[in-house]
Structure formats: C-alpha cells, structure tokens
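Taken in order, the sequence shown gives residues 1 to 224; the numbers are from full-length UniProt numbering. C-beta: ideal position from N, C-alpha, C; glycine also.
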Amino acid sequence: MPKGITKQAEAVQSLWNGSWIAALATGAVVWGLILWSAAFHRKRKNSAELPPQVRYNLPIEMLYTIVPLIMVSVLFYFTARDQNYINEMSATPDVKVKVEGFQWSWRFTTEAGGKQAQVIGRPADSYKAAEAPELVLPVKKRIEFDLVSPDVIHSFWVPAFQFKRDVIPGVQNKFQVETLDEPGVYAGRCAELCGVDHSRMLFRVKLVSQAEFDQYIASQAGAQ
1 MPKGITKQAE AVQSLWNGSW IAALATGAVV WGLILWSAAF HRKRKNSAEL PPQVRYNLPI
61 EMLYTIVPLI MVSVLFYFTA RDQNYINEMS ATPDVKVKVE GFQWSWRFTT EAGGKQAQVI
121 GRPADSYKAA EAPELVLPVK KRIEFDLVSP DVIHSFWVPA FQFKRDVIPG VQNKFQVETL
181 DEPGVYAGRC AELCGVDHSR MLFRVKLVSQ AEFDQYIASQ AGAQ
C-alpha cells in the first residue's frame with residue numbers, strides 16, 4: 001500500500017501488516033501439520049495396519065475448537081479497536097471540508113477560521129490527476145469531510161489515506177483524519193463505478209504548512 005499521510009492510515013497499515021503476519025503464521029502451521037501427517041501417518045505400502053486413528057478424541061477435538069476461537073477473537077479485537085479509532089469524530093475539527101461528488105467531478109468547500117474556499121472541478125480531459133481539482137489541506141491538523149452527492153453513488157478515495165468512503169445521494173457520510181507532517185501532492189479518485197465517465201473523476205490532495213494554508217484560504221475567500 002502507499003505510504004500513509006494520516007494517523008488513521010498508520011493504524012490501517014499496522015492492522016494490515018499484523019493480519020498478514022497472522023495469516024502467514026497460521027498457514028505455515030496448517031501446511032506443516034498437513035505435510036507432517038502425510039509423511040508420518042500414512043498407511044505403509046507393505047503393511048495392513050492402519051495409521052493411528054484419532055476420532056472421538058475429546059482433548060484433540062477441544063483443541064481444534066478452542067484454538068481457532070482464540071485466533072478469531074484476537075483478530076476481531078485488533079480489527080474492532082482500529083475501526084473504532086478510525087471512526088472517531090471530534091466535536092472541534094480544525095478544518096471542515098464539504099465534498100460533493102457529481103457526474104463527473106468534485107466540488108470542495110473548505111472552511112477554516114471562519115473563512116471558506118471553494119474549488120469546483122470538471123471532468124479531467126485525460127487520465128492524469130494533474131488536470132483535476134485540487135483540495136488544499138494543512139499538515140498536522142484534524143480534518144472533517146462531509147460527503148454528499150446530488151446524483152448517483154460515488155466514492156471518495158485518497159490512496160494515501162488508506163481509506164475510502166461512499167458518497168451516497170440522500171445520505172450524509174462524515175469522517176475525520178489527522179494529517180501527518182507529510183507535505184506533498186497526492187492523487188485521489190472516485191472508487192465507485194458511477195457511469196460512463198467514472199474514470200475521469202480525479203482530484204488531488206495537497207498538504208501544505210499551516211502558513212501556506214492560511215494564505216491559500218485567505219486568498220480564495222477574498223476572490224469569491
């Protein structure tokens with residue numbers, strides 16, 4: 001996955017890595033037991049004697065039941081913990097962004113310090129995010145996204161957030177992220193097939209310093 005630029009993305013990356021480690025460890029144990037059984041508990045070619053049978057062995061059957069339950073419980077705990085953290089909402093975010101997904105672009109209305117800046121996009125003429133609308137955000141701040149759509153279902157996705165959320169007509173979806181100190185420009189796109197020009201629904205997220213953001217929001221607010 002791409003390098004995360006939010007604290008929530010760090011949690012997603014940690015969960016992803018842990019899940020892979022758990023899956024590989026479980027797979028190694030299972031395959032090891034299968035190969036061990038095939039090698040040492042098979043019926044011998046020149047013997048009529050059957051390998052040891054373990055049917056109705058209560059201790060082993062309890063082990064087969066309890067160990068998977070423990071594994072699932074551990075995975076559930078870490079998943080629920082990180083999901084709750086990712087979905088946390090602060091009553092006082094530093095910046096609010098209303099995201100409107102429409103066929104076939106985006107409208108971003110950013111509010112901070114009592115000032116607003118709006119960016120209205122149009123469908124990209126090519127498949128390059130450089131031609132798409134740009135959402136400017138400050139680093140090391142808590143950002144709230146309010147997602148709405150006037151037409152069909154879209155999906156707001158910034159790969160560097162390691163997170164996406166659907167934009168559904170008639171449904172107000174919100175989420176928050178805490179940006180890291182990672183200035184730069186990051187690609188975003190619609191992740192829900194929404195019609196013929198779905199692939200042109202591109203945008204960019206630009207993380208800048210607080211001073212640059214203050215200058216940007218003031219200039220945009222003054223121009224409107």
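The residue from Tyr216, Pro123, Phe161 with its alpha-carbon nearest to that of Leu180 is Phe161. Distance from the CA atom of Glu212 to the CA atom of Pro138, rounded to whole angstroms, is 8 Å. Under the three-pair Cβ rule at 8 Å, the segment 20-35 does not count as touching the segment 95-111. Here Gln103 carries a coil assignment [DSSP, helix/strand/coil].
The alpha-carbon of Ala23 is positioned some 38 Å away from that of Val136. Taking the Cβ atoms as the reference, Trp106 lies roughly 10 Å from Pro123, outside the contact range of under 8 Å. In this structure the segment 140-154 touches the segment 166-179; the number of beta carbon pairs closer than 8 Å is three or more. With respect to Ser155, Asp146 sits apart: the two C-beta atoms are not nearer than 8 Å. Residue nearest to Gly195 within the set Ile153, Asn57, Ile120 is Ile153 (criterion: CA-CA distance). In the three-state DSSP reduction, His198 falls in the helix class (H, G or I). With a 10 Å radius around the Cβ and a threshold of 16 neighbouring Cβ atoms, Phe203 comes out buried.
For Ala39 and Pro51, the gap between their C-alpha atoms comes out near 11 Å. Counting the other Cβ atoms within 10 Å of the Cβ of Gln83 gives fewer than 16, which makes it exposed. In this structure, the alpha-carbon of Thr79 lies about 46 Å from that of Arg44. At the C-beta level, Asp151 and Pro133 stay beyond 8 Å of one another.
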